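Student: Positions 3 to 505 (our numbering) are the ones given, in order, by the sequence shown.
All residues carry an ideal CB built from backbone N, CA and C; glycine is no exception.
The model shown is predicted, which means the values in this text are computed figures rather than measured ones.
Here it is, the structure in full.
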Amino acid sequence: MARSSVLNKKAQSLVELLLVIALAALLMPPIFLGYMSSREGKAQQKQRLLATALMKKTQEETRNIRERGWNYIEPTGIYHPETSGSSMSLVAGVANVGGFSQQVAVDNVYRDSNGEIVLSPTPGVLDPSTKKITTTISWSTPRISSVDHVTYMTRFRDNLPYTETTKARFNDDPDNLSVFNKTAAVNTAGSSLPDDGEIDMGLGGLGDWCNPNLSIAAFDLPKSGVANAISAIEGQVFTGTGDNASGISYADVSIANTNPPTALTSGTYDGYKTNGIYGENDGGVNRFAYLATDSNSHEVEIIDLSQQDPVTKKYSEAGYYNVPGNTNANSVYALNNIGYATTPSKLYTFDLSSRSGVRGDLGNVTLAGSGNKVTVKVFDGNTYAFIAVGSGSNQLQIVQVTNGGQTLSVVGQATVNGGNGVDLFVNDTGTRVYLATTYVAGKSDLFIIDTTSKTGNLPLLGSYSTNGMNPKGVTVVTGNHIIIVGTSGEEYQVANISSDEMT
Numbered sequence: 003m004a005r006s007s008v009l010n011k012k013a014q015s016l017v018e019l020l021l022v023i024a025l026a027a028l029l030m031p032p033i034f035l036g037y038m039s040s041r042e043g044k045a046q047q048k049q050r051l052l053a054t055a056l057m058k059k060t061q062e063e064t065r066n067i068r069e070r071g072w073n074y075i076e077p078t079g080i081y082h083p084e085t086s087g088s089s090m091s092l093v094a095g096v097a098n099v100g101g102f103s104q105q106v107a108v109d110n111v112y113r114d115s116n117g118e119i120v121l122s123p124t125p126g127v128l129d130p131s132t133k134k135i136t137t138t139i140s141w142s143t144p145r146i147s148s149v150d151h152v153t154y155m156t157r158f159r160d161n162l163p164y165t166e167t168t169k170a171r172f173n174d175d176p177d178n179l180s181v182f183n184k185t186a187a188v189n190t191a192g193s194s195l196p197d198d199g200e201i202d203m204g205l206g207g208l209g210d211w212c213n214p215n216l217s218i219a220a221f222d223l224p225k226s227g228v229a230n231a232i233s234a235i236e237g238q239v240f241t242g243t244g245d246n247a248s249g250i251s252y253a254d255v256s257i258a259n260t261n262p263p264t265a266l267t268s269g270t271y272d273g274y275k276t277n278g279i280y281g282e283n284d285g286g287v288n289r290f291a292y293l294a295t296d297s298n299s300h301e302v303e304i305i306d307l308s309q310q311d312p313v314t315k316k317y318s319e320a321g322y323y324n325v326p327g328n329t330n331a332n333s334v335y336a337l338n339n340i341g342y343a344t345t346p347s348k349l350y351t352f353d354l355s356s357r358s359g360v361r362g363d364l365g366n367v368t369l370a371g372s373g374n375k376v377t378v379k380v381f382d383g384n385t386y387a388f389i390a391v392g393s394g395s396n397q398l399q400i401v402q403v404t405n406g407g408q409t410l411s412v413v414g415q416a417t418v419n420g421g422n423g424v425d426l427f428v429n430d431t432g433t434r435v436y437l438a439t440t441y442v443a444g445k446s447d448l449f450i451i452d453t454t455s456k457t458g459n460l461p462l463l464g465s466y467s468t469n470g471m472n473p474k475g476v477t478v479v480t481g482n483h484i485i486i487v488g489t490s491g492e493e494y495q496v497a498n499i500s501s502d503e504m505t
């Protein structure tokens, strides 16, 4: 009997021990997990508070940038606020601020017929005076998380309920009728948009493109280099020489709008052979010249036109861009704080949030041949680089630029029955590209390409033969005329392009 009692007690103890183990197995994980979650929760809560404060600060900085001017937030893309000197601007890309990723996404806004915002551009109409601003702050520890907020910013200082783009709207603007003293509202040639209009600046003035004065007023650039590059705005010509070491890199020429015009060298810069040039003058704030050179360390030279020696009249370097590898730059362009440079094989983008010092790489894309000329335009919030390519095919390539210049994608191309692409002109609506190619006997060397759609194989609308000229440059002027200049043959030719057929 005593032996049985002892056995029962041992069995009972074993059962109790098993129960304790089972209860511990059930209760300990939740208790431990709750303890750890409590610790992580406090850290996560702290991160969220810091992120929210940074998000509000970023929103306020973006509002301040909008106060400077609508153009500072108009281009769509991914940005972050950055201070340069005494002013702040949106710089392409995502920033790391104290362990947080900071970004500001700028998007277009579309409205329906009632003025309500719609999520898709179809069937909405682009509102040129409203932008969708999405501020996002993200972090990775203790857990991957983010906070974001959407704000709609408007151009309240100069709000435009619509953009004057049709001929009827241009003609029905009582506040600006005086503009038609020397201009006229005309339909845009080649546009598929109903009543698409533009202001023709061709009325009046002193020049006649089709009846040039045959007594040329020549202007001699300093030294004896070969004039290789030219870019011009009203009253100012940016010029460069190359091919030999006998010339200057850059000459700034002031043009007086007299009859006949008079030219005067305002200043010079030396040190490189210049292949291409782009001039930037937004009214005095930014006055820079960008040189595409044959230097293997300064393929793009940036000249500050506001810094000049009062005695020698020489300008100073502001900064430069060193293209990766051993190559030359053929052409250069600058738009919305992004620089563009073409080489014998690629298109490169570089950072122009500042013009000083060494400018950093953003992206690149391989071309079908040598990038001989690049022009960059923004249409409907999308940025495109149009490139005249030195190749027997795909003489025109269109590159879409996204992600603040970091992503470059060839989206469209055109192959023409001519030589290598040398120069091009893009109309203001982005629907036409006028491409000049090198002379090939028996073939055309000027082409009109339909770029209404920027993607795929682009259709050819018309062509023109210069009959022996080797084209070097092309531009479109008022009155639906195109000017081609070059060497050999008739070196200055004008054609009518009013119907997409050059005559």
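For residue 480 and residue 119, I'd like the C-alpha separation in whole angstroms.
Tutor: The straight-line gap from Cα to Cα measures roughly 38 Å.
Student: Using only the alpha-carbon positions, how far apart do residue 204 and residue 483 sit?
Tutor: Residue placement at residue 204 is flagged as unreliable, the pLDDT there being 46, under the threshold of 50; a coordinate-derived value is accordingly withheld.
Student: Identify, in the order they occur along the chain, each residue of the same chain with its Cβ nearer than 6 Å to the Cβ of residue 502, setting aside the five sequence neighbours on each side.
Tutor: Excluding positions up to five away in sequence, the list reads 192, 450, 463, 464.
Student: Would you tell me roughly how many angstroms separate the C-alpha atoms of residue 373 and residue 495, rounded to the nearest one?
Tutor: One C-alpha to the other measures close to 25 Å.
Student: Answer yes if the region 71-86 comes into contact with the region 342-353, meaning at least three C-beta pairs across the two stretches below 8 Å, and no otherwise.
Tutor: Short answer: they don't touch.
Student: Exposed or buried, which one is residue 158 when buried takes at least 16 other CB atoms within 10 Å?
Tutor: Answer is exposed; the Cβ neighbour count stays below 16.
Student: Would DSSP call residue 301 helix, strand or coil?
Tutor: DSSP places residue 301 in coil when its eight states are reduced to three.
Student: Which of the three DSSP states, helix, strand or coil, is assigned to residue 57?
Tutor: Helix at residue 57.
Student: What are the partner residues of residue 240, as DSSP defines its beta bridges?
Tutor: Partner(s): 233, 254.
Student: On a CA-only basis, which of 133, 461, 156 is nearest residue 383? Give me that one, please.
Tutor: Considering only alpha carbons, the answer is 133.
Student: In whole angstroms, what separates the C-alpha of residue 468 from that of residue 426?
Tutor: Going from the Cα of residue 468 to the Cα of residue 426 covers about 15 Å.
Student: When you compare the CB positions of residue 390 and residue 460, do they come within less than 8 Å of one another, or not?
Tutor: Their beta carbons are not under 8 Å apart, which means residue 390 does not touch residue 460 by this criterion.
Student: How many Å lie between residue 358 and residue 99 at the Cα?
Tutor: Cα-Cα distance, rounded: 23 Å.
Student: Where residue 321 and residue 303 are concerned, what is the direct C-alpha to C-alpha distance, given to the nearest angstrom?
Tutor: Computed Cα separation, rounded: 7 Å.
Student: Comparing C-alpha positions only, which one of 335, 102, 281 sits nearest to residue 56?
Tutor: For the residues 335, 102, 281, the minimum Cα distance to residue 56 belongs to 102.
Student: Give the range of the beta strand (DSSP E) segment to which residue 290 is assigned.
Tutor: Run containing residue 290: 289-295, per the beta strand (DSSP E) assignment.
Student: Taking DSSP as the reference, what is the three-state secondary structure of residue 44?
Tutor: Residue state, collapsed to three classes: helix.
Student: Consult DSSP for residue 499 and reduce its assignment to one of helix, strand or coil.
Tutor: Of the three classes helix, strand and coil, the one that applies to residue 499 here is coil, per DSSP.
Student: Excluding the five sequence neighbours on either side, which residues of its own chain have a C-beta within less than 7 Å of the C-beta of residue 511, listed in chain order?
Tutor: In this structure the chain extends from 3 to 505, so residue 511 is not present and cannot be described.
Student: Compute the Euclidean distance between the alpha carbons of residue 497 and residue 454, then round it to the nearest angstrom.
Tutor: Taking the straight line from one Cα to the other gives about 22 Å.
Student: Cα separation between residue 15 and residue 30?
Tutor: Going by the C-alpha atoms only, they are around 22 Å apart.
Student: By Cβ distance below 8 Å, which residues in the same chain neighbour residue 67 in space, the five residues on each side in sequence not counted?
Tutor: The answer, listed in chain order, is 74, 75, 83, 90, 91, 92.
Student: Please name the residue in 281, 260, 272 whose C-alpha comes closest to that of residue 239.
Tutor: Checking every option, the nearest Cα to that of residue 239 belongs to 281.
Student: By the three-class DSSP mapping on this structure, what secondary structure does residue 17 have?
Tutor: Residue 17: helix per DSSP, three-state reduction.
Student: Nearest by alpha-carbon distance to residue 95: which of 265, 406, 486, 412 is it?
Tutor: Ranking the options by Cα distance to residue 95, first place goes to 406.
Student: Select from 440, 369, 456 the residue whose C-alpha is nearest the C-alpha of residue 471.
Tutor: Checked all of 440, 369, 456; the closest Cα to residue 471 is 440.
Student: Where does the unbroken beta strand (DSSP E) through residue 275 begin, and where does it stop?
Tutor: Taken as a continuous stretch (DSSP letters only), residue 275 belongs to no beta strand (DSSP E), as it is neither H nor E.
Student: Which of the three DSSP states, helix, strand or coil, is assigned to residue 206?
Tutor: Because residue 206 carries a pLDDT of 40, less than 50, the predicted location of this residue cannot be relied on, and no value is offered for it.
Student: Using alpha carbons as the reference points, say which of 124, 252, 423 lies closest to residue 232.
Tutor: Comparing Cα-Cα distances from residue 232 to each of 124, 252, 423, the minimum goes to 252.
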